[in-house]
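Numbers 4 to 258, taken from the working numbering, label the letters of the sequence shown in order.
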Amino acid sequence: FNFTYKPLRNSKGETYGVLHAAIDVTKQVQLQRQKDEFLAIASHELKTPVTSIKAYTQVLEKMIRNEGNERKAEMVKRMDIQINRLTGLIGDLLDVTKIQSGKMTFNPINFEFDALVVEMVEEIQHTTSKHEIIVDLNAQTRVFADRERIGQVIVNFLTNAIKYSTDSEHIEVKTFLKENEVLLSVRDFGIGISRDLQHLVFDQFYRVSGKLQHTYPGLGLGLYISSEIIKSEGGRIWVESEEGEGATFFFSLKI
Ligand code: ADP
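Below is the structure:
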């Protein structure tokens, strides 16, 4: 039960009684649990066939390339790109269910921070012909964290920077040290985020609103997952932006 109470006052402001309310939340909690369970089962069930389709597509692409049929190979490559999108979306749903059930695991290792950034930038640079990702790496330090999960956050920042800056070409990635932290920033020159909405972007399911939703598709989970990862690793995550003037996303980790 959720209990609330409110004093009842007359026109002179004198209290003449108290209104008590008890709301049965059992049903709500039950529904929420069912929803979480459904999400967990659905994303798990979706993952298996998509993984198998991905494997077949890769074999098919190789076979077609060996035949020398470029047109067919190009079509299979496009299929592969869409499968990667699907895998990413399912991965995000699975991560959310892991966060909700407290089962997201971290395997920390000691790694060179700048090298990870280079790896992720190269991976994402391949996916865009319009944007040029410019890097300025000055961290030159090792960190102890889950390398794959931190890579996931970097990829998320980069894909958002590309997605929300369709009319500009440059994306700037910087790493640097500040006191006992290593910092990464990803700057784009796209649509930006108004000040009053900036505190919402790390919330689960928060998305661009209005007609922009169709222009920029997504589930509104990437930054929520990123923020959970960075907080679990003991770091900080934030954004600086002006509407219409691009956005800079940051995270820091203790070294
Ligand atoms: P999605 O991109 O799927 O909507 P995210 O969690 O990655 O989900 O981002 C949440 C929201 O934050 C986006 O819908 C968008 O409104 C805003 N956002 C994220 N990155 C940027 C960016 N680089 N520029 C402008 N807005 C952004």
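Every residue gets a Cβ at the ideal spot worked out from N, C-alpha and C, and that includes glycine. Here the structure is a predicted model, which is why all the values come from computation and not from measurement.
First and last residue of the alpha helix (DSSP H) that includes Glu125? Along the sequence shown, one-based indexing puts residue 125 at 122. Segment Phe116 to Gln128, the alpha helix (DSSP H) holding Glu125.
Does DSSP put Arg187 in a helix, a strand or coil? Residue 187 sits at position 184 when you count from the first residue of the sequence shown. First, the residue type needs correcting, since residue 187 is Leu and not Arg in the sequence shown. The answer is strand: DSSP assigns Leu187 an E or B state.
Which residues share a DSSP beta bridge with Asp139? Residue mapping note: residue 139 aligns to position 136 of the sequence shown, counting from 1. Within the DSSP bridge table, the entry for Asp139 names Lys177 as partners.
Return yes when the Cβ of Ala148 is within less than 8 Å of the Cβ of Phe179, no when it is not. For the purposes of this step, residue 179 is identified with residue 176 of the sequence shown, where counting begins at 1. For the purposes of this step, residue 148 is identified with residue 145 of the sequence shown, where counting begins at 1. No, Cβ-Cβ distance for Phe179 and Ala148 is not below 8 Å.
Range of the contiguous alpha helix (DSSP H) that encloses Leu226: As a position in the sequence shown, residue 226 is number 223, starting the count at 1. Looking at the DSSP string, the run of the alpha helix (DSSP H) that includes Leu226 is Gly225 to Ser235.
For Arg239, which of helix, strand or coil comes out of DSSP? Here residue 239 refers to the residue found at position 236 of the sequence shown. In the structure shown, the three-state DSSP call for Arg239 is strand.
Look up Pro52 in the DSSP assignment and say whether it is helix, strand or coil. Looking up residue 52 in the sequence shown gives position 49. It is helical.
Helix, strand or coil for Lys257? Go by DSSP, reduced to three states. If you number the sequence shown from 1, residue 257 lands on position 254. It is a strand residue.
Could you say if the segment 183-193 and the segment 163-173 meet the contact criterion of at least three C-beta pairs nearer than 8 Å? Contact between the segment 183-193 and the segment 163-173 is present, because at least three Cβ pairs lie under 8 Å.
Mind checking Phe109: buried by the 16 CB within 10 Å criterion, or exposed? Taking the sequence shown and counting its residues from 1, the one referred to as residue 109 is at position 106. Phe109 counts as exposed, since fewer than 16 other beta carbons sit within 10 angstroms of its beta carbon.
Can you list, in chain order, the residues of its chain with a C-beta nearer than 6 Å to that of Gln128? Leave out the 5 residues immediately preceding and following it. One-based indexing of the sequence shown puts residue 128 at position 125. Answer for Gln128: Ile136, listed in chain order.
Rounding to the nearest angstrom, what Cα-Cα distance links Thr251 and Ser244 in this structure? Here the question's residue 251 lines up with position 248 in the sequence shown. Here the question's residue 244 lines up with position 241 in the sequence shown. Taking the Cα positions, Thr251 is about 6 Å away from Ser244.
Given the structure, does Arg36 come close to the ligand ADP, in the sense that its CB is under 7 Å from one of the ligand's heavy atoms? Taking the sequence shown and counting its residues from 1, the one referred to as residue 36 is at position 33. No, the ligand ADP has no heavy atom inside 7 Å of this Cβ.
C-alpha distance - Val124 paired with Ser188, whole-angstrom precision: Numbered from 1 along the sequence shown, position 121 holds the residue referred to as residue 124. Numbered from 1 along the sequence shown, position 185 holds the residue referred to as residue 188. Cα atoms of Val124 and Ser188: separation of roughly 12 Å, rounded to the nearest angstrom.
Taking the alpha carbon of Pro111 as the point to measure from, which residue in Val120, Ile153 and Ala25 has its own alpha carbon closest? Your numbering for residue 111 matches position 108 in the sequence shown. The shortest Cα separation from Pro111 among Val120, Ile153 and Ala25 belongs to Ile153.
Use the C-beta contact count for Phe205: other C-beta atoms within 10 angstroms, 16 or more gives buried, fewer gives exposed. For the purposes of this step, residue 205 is taken as the residue at position 202 of the sequence shown. With 16 or more Cβ atoms within 10 Å of its Cβ, Phe205 is classed as buried.
Cβ neighbours of Leu11 in the same chain (closer than 8 Å, five flanking residues each side left out): For the purposes of this step, residue 11 is taken as residue 8 along the sequence shown, with counting starting at 1. In chain order, Thr18, Tyr19, Gly20, Val21 and Leu22 place their CB closer than 8 Å to the CB of Leu11, counting only its own chain and leaving out the 5 sequence neighbours on each side.
Assign Tyr8 to one of three DSSP states: helix, strand, or coil. Counting from one through the sequence shown, the residue named residue 8 turns up at place 5. In this structure, Tyr8 counts as strand in the three-state DSSP scheme.
Answer yes or no: do Gln201 and Arg210 have a C-beta to C-beta separation smaller than 8 Å? Working through the sequence shown from its first residue, we reach residue 201 at position 198. Working through the sequence shown from its first residue, we reach residue 210 at position 207. Taking 8 Å as the Cβ cut-off, Gln201 and Arg210 do not qualify as a contacting pair.
Specify the secondary structure class of Val156 as computed by DSSP and reduced to three states. Within the sequence shown, the letter at position 153 stands for residue 156. Correct three-state label for Val156: helix.
Let me check understanding here. Comparing Cα to Cα, which of Ser132, Ala118, Glu151 and Thr131 lies closest to Thr144? Taking the first residue of the sequence shown as position 1, residue 144 is located at position 141. When each option's Cα is compared against that of Thr144, the closest is Ala118.
Within its chain, find whatever has a CB closer than 6 Å to the CB of Ala43; leave out the 5 residues flanking it on each side and keep chain order. As a working note, residue 43 is residue 40 in the sequence shown. Close CB contacts of Ala43 within its chain, under the 6 Å cut and outside five residues either way in sequence, are with Thr100 (chain order).
Distance check for Ser14 and Thr230, CA to CA, integer angstroms please. Taking the sequence shown and counting its residues from 1, one reaches residue 230 at position 227. Taking the sequence shown and counting its residues from 1, one reaches residue 14 at position 11. First, the residue type needs correcting, since residue 230 is Ser and not Thr in the sequence shown. Cα-Cα distance, rounded: 49 Å.
Straight-line CA distance for Val146 to Ser171? Stepping through the sequence shown from its first residue, residue 146 is reached at position 143. Stepping through the sequence shown from its first residue, residue 171 is reached at position 168. Straight-line Cα distance between these residues: approximately 33 Å.
Ser46: which of Thr90, Ser212, Ile228 and Val158 sits nearest, CA to CA? Within the sequence shown, residue 46 is the residue found at index 43, counting from 1. Residue Thr90 is the option with its Cα nearest to Ser46.
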